[in-house]
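Colleague: Residue numbers (the numbering used here): 14 to 465.
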Ligand code: TYD
Ligand code: MG
C-alpha cells in the first residue's frame, strides 16, 4: 500500500496536499518537502490525558517568586533575564562553528554542583571530552549521552533524573513515532514537543541547540521558536574573536539584552567591558576613523567606525558596508551630497565597523558621517572625540535614547568631547567632565570638526 504523504513547509510548518513553489503562509520559496504522514501509533503523543484546567480569578492567582538558577556566568545570566528559570526551554541558534557547543559545554562544566546530561547527536563522547580538556574546567556531574531517538532520551532522563539537559542539536533528533527523516519540520516539532512536555512536568531546564540556515533563520523551525520559552542567537564573524549572544525572544526577561564573548584557545571568555576592546588601538592622525557611542541591549558600547572614500576606478562606484545597514549608508551619502555638496556619487565608499560587530542603533549615523567626511577630506578626527546622534533626511541631527548612559560611558573611557543632538539638551541633567557639543545640523558638525 502506498503510504500517505503530505507536503510541509520546512520554514513555518504550513501543510499542503500538493507541492507548492511558494509557501502561502510565510512566503518562502522552495521550502515544501514531501513527508510521510502516517504515524506508527495514534495521533500526537502529547497533550492527551491531561487533567482539565480550572478557571481562576486573576486576583487570586498566587505568584510564586521563581528562584532562578545562577549560571555562574554574569553575561549568560543577564541574557537569560537574571538567571535560568527552572523548567524553561531555551533554544540557542547559530551558524555552524560559531561556538554553540563550546558555550554549552563550558557552562555545563562550570555548573559542577548540578547534574547535567549532555545529549549529543553530532559528536562522539571522545570529541566532547577533547573539547572539555581545552576548556580547563572540571566537573564530576556532567554526563554524556550520544543518542538521537527522543523516546530513549526521555527514558534516560526518567531513570537518571538530571538537573539540566543539553541537546546538541534538535536537528539530529528523531522520534520513532514518525517515519520522516531527522531535521524535517515534523520530526523537530514532535521531538521538541516531547522534550518541552518533559521540561514542564519534571521542572528540568533544557537547552536546545539549533542550526541556522544560510539565510539566518533557525533551520526548520519558525514552529520551534513559538514553542520554546527563550530563543538566543549566537552570532559573530568567524574571522573575528567576538561572539555576541542575543535574546530574540524571552518569556522571562527582556529581549534587548546581549552578551559579548571572546573565543580563545581555551573556550569562550566573557567580556565585561566591551568598549575597551572594541576601540582598536590606532595612532593619532589616521583619517576615516571615528568613534560611535551606541546602545546594544541595555548597555552602551563605544565602537570604531572606519570609512574609506576614494575616486571610483571604474564607471559604477562601489558601495560596501560591513556591520552597518547598506541602505542607511546610501541615505547618509545622499545627505552629504545634498547638504554639504560633497560629490559622493563618483566615489567608491567602504564602511566597516571594527571588531566584526553589527549595529542597528541609528545613533551611529553621526559617527558614520564623520568617518566618511574624515576620509574624503583626509583630515583625521581627534581621538578624544566621539559621537551619538541620528541623522535625518534633511541633514538634521536627531536626538537619541539613553543619552545620559552614552555620555557616562564616553566619560568613563576618557573621551574629552561628545557630539549629540541639540534636542537632547532638555533632558540633560547633572554636571559632566566630558564636554558636550550640541549640534542640530550636519553642516555644524562639518564646520566644527573639519573647519575649525
Ligand atoms: P563549536 O562549539 O564546535 O561550534 P558550534 O557548536 O556552534 O558548531 O566551536 C567552533 C569553533 O571554536 C571551532 O572552530 C574551534 C573553536 N574553538 C576555540 O577556538 N577554542 C576553544 O577552546 C574551543 C573549544 C573551540
Ligand atoms: Mg556544535
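Glycine residues also receive a C-beta, built at the ideal position from the N, C-alpha and C atoms. From a predicted model like this one, the values you see are computed outputs, not experimental measurements.
1) Keeping to the same chain, check which residues put their C-beta closer than 6 Å to that of residue 242; ignore five residues upstream and five downstream.
2) Beta-carbon separation of residue 274 and residue 299 under 8 Å?
3) Tell me the DSSP bridge mates of residue 22?
4) Measure the CB-CB distance between residue 430 and residue 415 and report whether it falls below 8 Å.
5) Here's the rule: buried if 16 or more other CB atoms are within 10 angstroms of the residue's CB, otherwise exposed. What is residue 57?
6) With DSSP as the reference, please indicate the residues paired to residue 4 in a beta bridge.
7) I'd like the list of long-range same chain contacts for residue 420, defined as Cβ closer than 7 Å, with 5 residues on each side in sequence excluded.
8) Under 8 Å, with one C-beta from each stretch per pair, do the region 107-120 and the region 218-227 reach the 3-pair mark?
9) With a cut-off of 8 Å on the beta carbons, I'd call residue 388 and residue 322 a contact; round off their distance for me.
10) For a minimum of 4 consecutive residues, which ranges assigned as the alpha helix (DSSP H) are wholly contained in the region 187-242?
11) Count Cβ pairs between the region 399-412 and the region 375-383 that sit closer than 8 Å; are there 3 or more?
12) Which residues does DSSP list as the beta-bridge partners of residue 162?
13) Please state the DSSP three-state secondary structure of residue 109.
14) Would you call the CB atoms of residue 188 and residue 170 closer than 8 Å?
15) Mind listing, in chain order, the continuous beta strand (DSSP E) runs of no fewer than 3 residues lying wholly within the region 239-309?
16) Quick check: does the Cβ of residue 115 come within less than 7 Å of any heavy atom belonging to the ligand TYD?
17) Over what stretch of residues does the alpha helix (DSSP H) that includes residue 420 continue unbroken?
18) Could you tell me if residue 370 is buried or exposed, where buried requires 16 or more neighbouring beta carbons within 10 angstroms of its beta carbon?
19) When DSSP labels each residue in this structure, what does residue 436 get in the three-state scheme?
20) Return the residue from the list 249, 342, 460, 390 that minimises the CA-CA distance to residue 375.
21) If you draw a straight line from the C-alpha of residue 245 to the C-alpha of residue 301, how long is it?
22) Along the alpha helix (DSSP H) that carries residue 451, what are the first and last residues, could you check?
23) Answer yes or no: the CB of residue 181 versus the heavy atoms of the ligand MG, is any distance below 7 Å?
24) Rounded to a whole number of angstroms, what is the C-alpha to C-alpha distance between residue 327 and residue 360?
25) Measuring CB to CB, does residue 23 end up less than 8 Å from residue 46?
26) So who's on the other strand from residue 180, going by DSSP bridges?
27) Count the other C-beta atoms from every protein chain shown that fall within 10 angstroms of the C-beta of residue 311, then say buried if there are 16 or more, exposed otherwise.
28) Note down, in chain order, each residue of its chain lying with its Cβ closer than 7 Å to the Cβ of residue 19, except the 5 sequence neighbours on either side.
Modeller: In short, the structure shows the following:
1) Locating residue 242 in the chain shown gives position 229, counting from the first residue. Cβ neighbours of residue 242 beyond the five flanking positions: 101, 102, 264.
2) For the purposes of this step, residue 274 is taken as the residue at position 261 of the chain shown. For the purposes of this step, residue 299 is taken as the residue at position 286 of the chain shown. No, Cβ-Cβ distance for residue 274 and residue 299 is not below 8 Å.
3) Here the question's residue 22 lines up with position 9 in the chain shown. Answer is 45, bridged to residue 22.
4) Taking the chain shown and counting its residues from 1, one reaches residue 430 at position 417. Taking the chain shown and counting its residues from 1, one reaches residue 415 at position 402. Contact flag unset, no.
5) For this step, residue 57 is matched to residue 44 along the chain shown. With a pLDDT of only 49 at residue 57, under 50, the local geometry of the prediction cannot be trusted, and the value read off the model is given with reservation. Exposed: under 16 other Cβ atoms inside 10 Å.
6) Residue 4 is absent from the structure shown; the chain starts at 14 and stops at 465.
7) Taking the chain shown and counting its residues from 1, one reaches residue 420 at position 407. The answer, listed in chain order, is 431, 445, 447, 449.
8) yes
9) Position 375 of the chain shown, counted from the start, is the residue given in the question as residue 388. Position 309 of the chain shown, counted from the start, is the residue given in the question as residue 322. 4 Å between Cβ atoms; contact.
10) 198-215, 235-240
11) yes
12) Position 149 of the chain shown, counted from the first residue, corresponds to residue 162. Answer is 187.
13) Looking up residue 109 in the chain shown gives position 96. In the structure shown, residue 109 sits in coil (DSSP, three-state: anything other than H, G, I, E or B).
14) Taking the first residue of the chain shown as 1, we reach residue 188 at position 175. Taking the first residue of the chain shown as 1, we reach residue 170 at position 157. No, Cβ-Cβ distance for residue 188 and residue 170 is not below 8 Å.
15) 243-248, 255-263, 271-277, 280-283, 302-309
16) Here residue 115 refers to the residue found at position 102 of the chain shown. True, at least one ligand heavy atom lies under 7 Å from that Cβ.
17) Looking up residue 420 in the chain shown gives position 407. Here the alpha helix (DSSP H) through residue 420 covers 416-425.
18) The count along the chain shown starts at 1 and reaches residue 370 at position 357. Classification of residue 370: buried, given that the 10 Å Cβ count is 16 or more.
19) In the chain shown, the residue the question calls residue 436 occupies position 423. Residue 436 falls in the helix class under three-state DSSP.
20) By 1-based counting over the chain shown, the position of residue 375 is 362. Residue 375 has its Cα closest to that of 342, out of 249, 342, 460, 390.
21) Translated into the one-based positions of the chain shown, residue 245 becomes position 232. Translated into the one-based positions of the chain shown, residue 301 becomes position 288. Their backbone Cα atoms lie some 34 Å apart in a straight line.
22) Here residue 451 refers to the residue found at position 438 when the chain shown is read from its first residue. Looking at the DSSP string, residue 451 is not in any alpha helix (DSSP H); the run it does join, the beta strand (DSSP E), is 448-452.
23) On the chain shown, residue 181 is found 168 positions in, with the first residue counted as 1. Within the cutoff, so yes.
24) In the chain shown, residue 327 corresponds to position 314, counting from 1. In the chain shown, residue 360 corresponds to position 347, counting from 1. Approximately 10 Å, taken between the alpha carbons.
25) Within the chain shown, the letter at position 10 stands for residue 23. Within the chain shown, the letter at position 33 stands for residue 46. Against a cut-off of 8 Å, the Cβ pair of residue 46 and residue 23 comes out as a contact.
26) Position 167 of the chain shown, counting from 1, holds the residue named residue 180. DSSP, once it has assigned bridges, lists 132, 221 as partnering residue 180.
27) Taking the chain shown and counting its residues from 1, one reaches residue 311 at position 298. By the 10 Å Cβ count, residue 311 comes out exposed.
28) On the chain shown, residue 19 is found 6 positions in, with the first residue counted as 1. These residues qualify, in order along the chain: 28, 30, 48, 50.
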